Amino acid sequence: MWKYSEIKEKLQIEIKKPEQTGLAHLTHFFQSHQNGASRYFEKEALHYAKSIDSTNLEEPYFQRYLPFEWDIPFPPHEQGRFKFIDLFAGIGGFRLAFHNLGGKCVFTSEWNVYAQKTYHANFGEVPFGDITKINEEEIPEHDILIAGFPCQPFSIAGVSKKNSLGRQHGFNDETQGTLFFDIKRILDEKRPKAFLLENVKNLVSHDKGNTFKVIKKTLEGLRYSIHYRVLDGKHFVPQHRERILIVGFDMDRYQGNEHFSFPEMPEATHSIEEILEPDVLPKYTLSDKLWKYLQDYAAKHKAKGNGFGYGLVAMDGISRTLSARYYKDGSEVLIPQDHQNPRRLTPRECARLQGFPDEFLIPVSDTQAYKQFGNSVVSPLMQAVGAHIVNELEQLDEPIGQGDTLRTEC
Ligand SMILES: C[S@@+](CC[C@H](N)C(=O)[O-])C[C@H]1O[C@@H](n2cnc3c(N)ncnc32)[C@H](O)[C@@H]1O
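Following this line, the structure appears as structure tokens:
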């Protein structure tokens with residue numbers, strides 16, 4: 022039996038640019054070849070594979086390669102408990118969470134090449150690129166749509182303000198031209214049973230609440246019943262990270278009869294020392310110059326009454342929110358060290374701070390890794406919320422009395 026690493030080499034599955042649609046089709050086909058979703062990818066997968074290896078692809082196609090052994094950290098479930106799609110996938114913080122719940126991912130989109138590399142190394146799938154260019158009809162049927170979409174509220178607010186002033190703006194949809202619009206058109210076409218959207222906490226208050234109002238109205242207009250809550254990752258990892266989570270259930274299917282509730286948060290008992298590596302290379306210690314700069318900067322702002330400054334973490338405490346700019350100077354999360362300057366976290370420690378297990382591969386440079394983990398999610402928190410969505414769907418879809426056998430504890 023072949024191993025995936027051998028097939029990867031043979032079929033030249035190597036990410037070089039963001040729009041690798043041939044590779045995306047091929048790897049999506051391999052992930053789904055045992056379920057109905059494969060028909061969405063087979064033709065293009067074959068086209069790509071023939072361009073590399075025409076001699077070995079006589080009918081029945083791909084039989085020479087299938088089945089193969091997945092030698093990657095998180096191989097797909099052959100038949101999942103449910104199907105989901107992973108939009109704005111980053112490195113797969115949501116994928117990991119819903120994979121752990123027994124779900125089968127049938128479509129992924131992420132346009133950043135370095136994030137695609139990390140995603141592929143761990144999950145064996147090359148994401149499709151720019152979501153704005155993907156036809157919603159080409160996305161397979163799924164039970165749950167997941168999207169940690171980038172924060173772009175200004176454009177939503179911009180359009181809605183123009184609307185309220187009655188100006189012409191060329192669009193009759195308040196979300197057109199934003200990435201939220203792409204989520205909307207996919208929900209509208211595919212009608213998943215439920216969805217989970219994630220964004221920064223400030224989405225709720227942005228533009229005096231108007232941005233969130235447009236988002237909520239749009240989702241309700243699609244006939245989904247909406248539940249939302251701001252939750253903090255500190256209950257699962259030693260990091261303060263508040264995010265808004267928006268969960269929707271299809272009204273056409275369930276008539277608003279779901280009994281969904283967000284999970285109770287466990288007591289926040291984590292501390293930063295749990296995630297620290299024992300031996301860390303000297304390159305992670307701040308230089309005298311940078312440390313002096315950060316101290317001077319903080320002192321200047323303190324004198325002006327501002328709270329800006331570096332975040333030296335107490336060993337028994339938790340960190341501030343890790344951001345995508347951590348690679349610049351690491352100032353938001355600094356680890357004190359005896360008799361030397363503080364140090365920044367290593368990429369592996371950043372992975373742990375977001376709740377990724379140590380099997381998760383980091384195949385990119387430190388700079389890219391910092392950006393990727395800073396952009397990601399506290400995966401165990403998403404898993405806890407996901408468990409409640411999946412349980413509720415199983416309750417709703419099962420005949421009364423049988424659902425309990427399938428319930429997941431979280
Ligand atoms: C906030 S991050 C989500 C990270 C993800 N939840 C994770 O666990 O890693 C948003 C992601 O959307 C991607 N993105 C932005 N615009 C996109 C587009 N038009 N098409 C596909 N991906 C896009 C970015 O590259 C970024 O990785």
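Using our numbering, the letters of the sequence shown map in sequence onto residues 22 to 431.
The beta carbon of each residue, even a glycine, is placed where N, CA and C say it ideally should be.
A quick note: this is a predicted structure, and the numbers were derived from the prediction, not measured.
Return helix, strand or coil for residue i, following the three-state DSSP convention.
i    : result
G277 : coil
G242 : helix
E40  : coil
S26  : helix
F115 : helix
G269 : strand
T232 : helix
L414 : helix
D164 : coil
D209 : helix
E263 : strand
P284 : coil
I204 : helix
Y331 : coil
S400 : helix
T290 : coil
I247 : strand
T342 : coil
D253 : strand
H190 : Confidence is the limiting factor: at H190 the pLDDT is only 44, short of 50, which leaves the residue's position unreliable, though a coordinate-based value still follows. If DSSP states are grouped into helix, strand and coil, H190 belongs with coil.
Note down the Cα distance separating residue i from residue j, rounded to an integer number of angstroms.
i    : j    : result
Q416 : K125 : 19 Å
D418 : H291 : 37 Å
Y86  : G150 : 26 Å
E165 : N223 : This sequence places Ile at residue 165; Glu is not what is there. One C-alpha to the other measures close to 25 Å.
P284 : I267 : 13 Å
F377 : G114 : 8 Å
N278 : R346 : 42 Å
C172 : S72  : 39 Å
S400 : V354 : 19 Å
Q41  : Q137 : 10 Å
R369 : D379 : 8 Å
T48  : W91  : 12 Å
K234 : W132 : 28 Å
P97  : K310 : 47 Å
V127 : N143 : 16 Å
M336 : T342 : 16 Å
I421 : N121 : Residue placement at I421 is flagged as unreliable, the pLDDT there being 46, under the threshold of 50; the coordinate-derived value follows with that caveat. Cα to Cα, the separation comes out at about 26 Å.
I293 : Q389 : 22 Å
S14  : M286 : Residue coverage of the chain in this structure runs from 22 to 431, which leaves residue 14 outside it and unanswerable.
T429 : K325 : Residue placement at T429 is poorly supported in this model, since its pLDDT is 41, which falls under 50; the coordinates are not used for a value here.
F109 : N220 : 11 Å
T10  : P161 : There is no way to answer for residue 10, as the model of the chain reaches only from 22 to 431.
A168 : I207 : 11 Å
G254 : E288 : 11 Å
The beta strand (DSSP E) spanning residue i covers which residue range?
i    : result
D300 : Counting along the chain, D300 falls outside any beta strand (DSSP E), and DSSP gives it neither H nor E.
T129 : 124–130
Q197 : Q197 -> no beta strand (DSSP E), and no H or E assigned at all.
N362 : 361–365
E219 : 215–221
P368 : It is not in any beta strand (DSSP E) - P368 instead sits in the alpha helix (DSSP H) that spans 368–374.
L355 : 355–358
Over what stretch of residues does the alpha helix (DSSP H) that includes residue i continue unbroken?
i    : result
F144 : 134–144
Q316 : 309–324
F394 : 387–396
Y305 : Neither: Y305 is in no alpha helix (DSSP H) and is coded neither H nor E.
D350 : 347–350
Quick one: does the C-beta of residue i sit closer than 6 Å to a heavy atom of ligand 1?
i    : result
N143 : no
T199 : no
P171 : yes
N396 : yes
D151 : yes
F257 : no
S344 : no
S111 : The question names Ser, but residue 111 in the sequence shown is Gly. At least one heavy atom of ligand 1 is nearer than 6 Å to the Cβ of G111, so yes.
E146 : no
H45  : Reading off the sequence shown, one finds Ala at residue 45, where the question assumed His. For ligand 1, not one heavy atom lies less than 6 Å from the Cβ of A45.
G114 : yes
A136 : yes
S226 : no
E131 : yes
Residue ranges of each alpha helix (DSSP H) run of no fewer than 4 residues wholly in the segment 35–109, ordered along the chain? 42–53, 63–73
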